[in-house]
Amino acid sequence: MLPSSPFSMSIVTAKAFRQQIMKPAEGLFLFHARAIERLIEGQLGERLAGISVPDLPYYLMPRADFLLGLETENAEALSVIEGLQLPEHVILLPSPPDQRLEQSSFTRLRYDYWARSFEAEVARAWQAARECATHGSRLDAGALRELIGDYAFAEVREVLNHDGLILPVWDDDLVCRSFVAFVVRLRYFAPGARGFYFPAIRVWPQVDHWMSAAGLDLPRPLVDERLPRLLLKSRPGSGGSLRSEAPLLPLALPYGQSDPDLAVAAESTQDAIAPTQGSPLDAVDQADVAAEPPAFRRGPVEAPRCAGEVDRLLEQRLLDAFARGTQLDLQPDWVERFGDQLGIWRTRLLGALRWVPPVLPWRLFRRKRLVTDVRRSDQAVLRGGIALFEQAVAAAVRAQRGGYLALALRRLAASRRLALRLVPEVGELPAALGQAIAKREALVESLLADGLAERWAVANSVRAELCALVHRLADDDRARFGSPAAQGLLGCLEQLMLQGPTDYYRLRLGRWLMQLGRAPIREQLPFQPLLKALRVLEVSRARLEELPWPMAELERFSSLLRRLNRLITDRLDTELMPRIEQAMQEADFVPRNHREIVAAQKMKLELLDVIKHRRHLKFTDARDIVARNILRLPDPTWSEFFRGDRLRRLDRTAERALPGVYRPGELYIKGLQQLGAPLFGTPMGRDILRYLLLPFGGSFLVLKSLDLLIALIPFVDKSFHFTEITSVVLSGCLINLFAYTGIGRHIAQSVSLGGWRILRFLVWDGPRGLLHWWPIAGLLSTAMMRGLGRNLIQPLLIGALPLAPIIALAVLVDEVPIEPGLWLLGLAFALGTLARNTPAGRRFLDNLSTRIGVYLQRLNQALFIGLIQQLLFFFKEVTRRFSQLLHRVDEGLTHHLSERWSSLALKALLAPIWRFSESLIQFYVTVLVEPQVNPVKHFPIVTIGHKLLLPFLPAITAAFVEITQSVLPKVVAYPFVTLTIVLLPGLFGFLVWELKENWKLYEANHRERLRALDAEPAPGAPIEPASVGAHGESMRGLMCRGFHSGTLPKGFDRLRKVIRQQLRDNKPYPRRLRRCQRQLEEVEHAIGIFVDREFSFALRERCRNPDCTLTRIETNLPRLATELVEISVAIHPWARGGLGMVGDRSDQPPPKDPSNSLVPTPARYAATAESVCGGIADPDPVMLGIRIAFDGRKLCFDAELSGMPERIGPRCWAMISEDLRLFAGRAGADLRGLKIVLPGSAD
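Each number in the numbering used here comes from the position in the sequence shown (counting from 1) with 14 added on.
This is the structure in structure tokens:
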């Protein structure tokens, strides 16, 4: 019997574990994972060629194959197992890697193996039901495919294969069996989670009915007390029960709504996390409440248990101090504010010392004191505490009157804690004092919530939510030790309230002097209040995620912050959109056809997105947006070389139209773009670049990189160099031949394909084919050859592996002569026989191979893939935060009309100095530092730049020293020049990357161009895929797994991983779930925006056509799956019977703009004012469903209609079909096999 005392460190051995799990009589065995892998390879044989076997949770093997495999794997076990009456299929479970377990680990492991055994028993029962075929329903993969759909079945295979639950070579029926077993396991061990594992399935009740029809006993989990028969049969040991709580699930995601178990699981989770009934504001952690004194607990203050427990005199003195503190009527100047802050610090210090008696002086130096002295000192401490309490209350009142309501709440909470320390014997505040403080706190909370609601003019429902949020945060901050996250969020709400319509401006003294006072000295910054409010809301959302609240409350208040964010962004869009449109028109970014109108709208919205995300817009941001838009730059004319192209004109017009928001480009960036225009934007320049610079320059870089790598290898002749003139010219000519001639490409393809096939034949196909040639295969399959291989050849090879490196080291390093002989073969044979043909030896080899595989996998993921990803993320994040820091300092130096004269003078003095320093810092970081420290940009460009600059460094250094000494002292000039010379090779990396970005600016440099709709399109012409994700990914990049791609499937992978971790550790991880939820919501939002801007807006523009019968277009929220995106577009035609003639459209009032509502329809991207096209819209729309899926090779695009499509005319359907085909190309679908069938369309 296993000990169960919590104080004893009991260790459970592998033998005890096997006794509880393994059931040989029922056909359930425990084997090492490598032994199971060898049994599978012996069973499947050729089907596993080139495929690795994953660590399966179980394996179901036919009895005959199992016994045949044991003959080679473990003959000793075969002699025992042959005497058992085994079922038709046996279950193989991998033994745990840890052989000695603690009691808690053993309990979790036994629960995990119970789940595995149950899953395996369900698979065996399903296989038996399929083979019997005595029921009426079909149990094959075809029936499952008809039930859930082709895309959902493809997702089933993808998820099970990725998670290592199936073998890649299995057919659909075996995948169906594994799916059934895994889903049944999830239903009882993780109720409600199967919808998040397979989000493409929406028919879970029908799936349950189909599985029950096969004879599976499936009572409802968490509802029926009865357990399934197979669950009881697979229970290990003497007993056990399922966990009463379901794992925590992200209920805000819609993927499990059709699962009937999800609602029950959500109720059990809520009961476990928040057992206190009531509103969400009363749901608190019971352990923390029990540990807190009553004065810190949330809710109304109760009267003390006994009137005699509180000193009436002390209570009255505290009440008098509170009254004196609240009656202060002084306007706080800077002296009083500084005194308040000092008082708060003194309160914290003395309050802490009040509860650490050993550090008080009289306790350290005077051990014996008179009773009167002690009483006198206690009275002094009490008087000091009351004075501190009064000062804290006064500071709170001053903060309240000054409008700093979050600070007032924090100081009231500090006064509450200080008052409680003055009455430690009772553990709670006196009733009158508690009520007085609570009344003041409630007043400040209501002022803060009402101030926010009044400042942003929100609806009454939002006002109520604000009151609830402020009250909840103040409750958290009133805990014993406070809540830094709650304090930070309250501070953010205070900043949001104080962010009024202040007139921000900045002084342009230089421009005023240069124009002799004709230009205004003040430049108004009208957009700063809204941009600062957006920044505060972003910080607020981050602070909210740090709070240890239940997920329901976090989702509730996160929705509130999203509403406020939408309100502010709508106002910002209204103010900025006309300015951006004006700047684009003045810069000649004017669309000429329907497709360019859509592109111009997308360009404006992307510029707005950058402003809302970063609170500013830079020249490089505008350049990148232009480079990925179809409104790229045409080839420049001669006049544009001198007066600037479209991008340069946009830089000037945006600076005028967006003061304080747009940052003009630096001279070195704009100058480089202008200098590269003749090379990138003219036919002759492109030919020079394509046929001379790229081939020969690339040859030089590659050959120089080879020289640098060879120089690092020891024992290699350093005099040999690849970088010679002849080799560079020859390599450049070969590149031109292979890249730009048909016969060259044909030769290159033939040589590469032929070389690969020869190498594959020599290494793999040839030896493999020879071994499978029927004479040799027949010889190797005889009993004599199998025994010879098992008892002679394999032991010799295994024994030679450890001896080979030892002999090599002895000969090469120590020069010990070792003569090969029979003794060496005998030693190798003895070692191999001990390792191969003994149970301990086989276990040692299996453990060794397992650990080596695990270490190699960790090394690959952590050192190579993980390190590169972390480096890329690190440098990108450092660059972003550095840019944000510079912008924050620049924001801090802006002026506003209500600031004091001292602040105005100080900012006016510091602003010119900061602008010069910012330009210098930005130049060094962007041009010199970042290419040096970024490994992706460093090698090989910067490395070769070091070599090229080496001969010129003395002359460059002397010139820099001479220049800097004329303006700077030597103590500053020498370090400055040294730093510049050290970082100077980073200039090469900057130039290469900037030139690469400038190449993308010109329309002629893109092979795949969007065709104009008024031109004759070529059938199947390629269309350039659009950027969808936040990092510039295409739709294929979002859905296809890869090193830098696969955001969508990886998001669901992370979600499943968190759910598995909760099941393994038996504890919730709400922050990890929230992180996964946010990532999937970001992908959902990005895809919805993509569809709305690329397709829905194109249809809205069609509404302006007088022959079109459409009135309004709405884009619903997309529904995501692992490799599937489904989204529907609501097409509202004219109301039936509402319009008789086309010309009557102008007589009808436009429908109400749904974007004016603060709370839009949550299931849709509501139509903006541009989407409302006049006329009376039919309330019953025609739904156009769009489905984009990835099948492992290409994107599949499909569309279907629902509703009454006959209400839309043929001409309108033809335009919809054309826009839909173009959108499919923008999504990355293959247009050659695309068939879109719409009523009345040309297709």
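In this text, a Cβ means the ideal position worked out from N, Cα and C, and glycines have one as well. Note that the coordinates shown come from a computational prediction; the quantities given were computed from them, not determined experimentally.
Counting along the chain, where does the beta strand (DSSP E) carrying residue i start and finish?
i     : result
P76   : Y73 to P76
Q1075 : Taken as a continuous stretch (DSSP letters only), Q1075 belongs to no beta strand (DSSP E), being part of the alpha helix (DSSP H) at T1061 to D1079.
E1128 : L1124 to N1130
A1144 : L1138 to P1147
I1260 : Residue 1260 lies beyond the range of the chain shown here (15 to 1257); nothing can be said about it.
N519  : In the sequence on display, residue 519 carries Tyr and not Asn. It spans Y518 to L521 - the beta strand (DSSP E) in which Y519 sits, taken as one unbroken run.
E537  : R536 to L539
L44   : L42 to F45
Give the DSSP-derived three-state secondary structure of residue i in the structure shown.
i     : result
N1019 : helix
N474  : helix
P261  : coil
S610  : First, the residue type needs correcting, since residue 610 is Glu and not Ser in the sequence shown. E610: helix per DSSP, three-state reduction.
R771  : helix
W652  : coil
V1196 : strand
F212  : coil
W1135 : As written in the sequence, residue 1135 is Ala, which differs from the Trp given in the question. In the structure shown, A1135 sits in a strand (DSSP, three-state: E or B).
H223  : helix
T978  : helix
H909  : strand
L236  : coil
Starting from the C-beta of residue i, find all residues in its chain whose C-beta is less than 8 angstroms away, skip the five residues before and the five after it, and write them out in chain order.
i    : result
L590 : F541, L622, I625, L672 and V675
G292 : Because G292 carries a pLDDT of 35, less than 50, the predicted location of this residue cannot be relied on, and the following value inherits that uncertainty. Cβ neighbours of G292 beyond the five flanking positions: none.
Q330 : none
E87  : A49, R52, L53 and G56
Within the continuous alpha helix (DSSP H) that includes residue i, where are the two ends?
i     : result
A463  : A445 to W470
I935  : W915 to F937
N750  : I739 to Y754
G1096 : For the sequence presented, residue 1096 should be read as Glu rather than Gly. E1096 -> alpha helix (DSSP H) spans P1084 to V1105.
R646  : Here R646 belongs to no alpha helix (DSSP H), and DSSP marks it neither H nor E.
Y165  : D164 to H176
A797  : A797 to L802
R577  : M565 to E600
K247  : R243 to K247
A725  : L708 to A725
M36   : Unbroken run through M36: none, as it is neither H nor E.
Please name the residue or residues paired with residue i in a DSSP beta bridge.
i     : result
C1210 : A1203
P954  : None, per the DSSP bridge assignment.
Y676  : L631
Kindly list the residues whose CB is nearer than 6 angstroms to the CB of residue i, restricted to its own chain and excluding five residues on each side of it in sequence; keep chain order.
i     : result
Y988  : none
V315  : Residue confidence is low: V315 scores 39 on pLDDT, short of 50, so the model does not pin down where it sits. No coordinate-derived value is stated.
L13   : As shown, the chain starts at 15 and ends at 1257. That puts residue 13 outside it, with no answer to give.
I1260 : The requested residue 1260 does not occur in the structure, where the chain is confined to residues 15 to 1257.
L720  : F736
Cutting at 7 angstroms between CB atoms, please list the residues of its own chain near residue i, excluding the five before and the five after it.
i     : result
L751  : G758
E169  : F212, A214, A1135, T1136, E1137 and L1138
G502  : R557
L967  : I995
A410  : A422, R425, L426 and S429
L512  : G417
G1247 : none
R660  : A601, D602, F603 and L647
Does the count of Cβ pairs from the segment 48-55 and the segment 159-175 closer than 8 angstroms reach three? no
Hey, is the segment 555-574 in contact with the segment 633-649, meaning 3+ C-beta pairs nearer than 8 angstroms? Flag = no, the segment 555-574 and the segment 633-649 do not touch.
Are three or more beta carbon pairs between the segment 501-508 and the segment 598-606 nearer than 8 angstroms? no
Is it the case that the segment 842-854 contacts the segment 795-815, given that we only count it when at least three CB pairs across the two stretches are under 8 angstroms? Segments in contact, yes.
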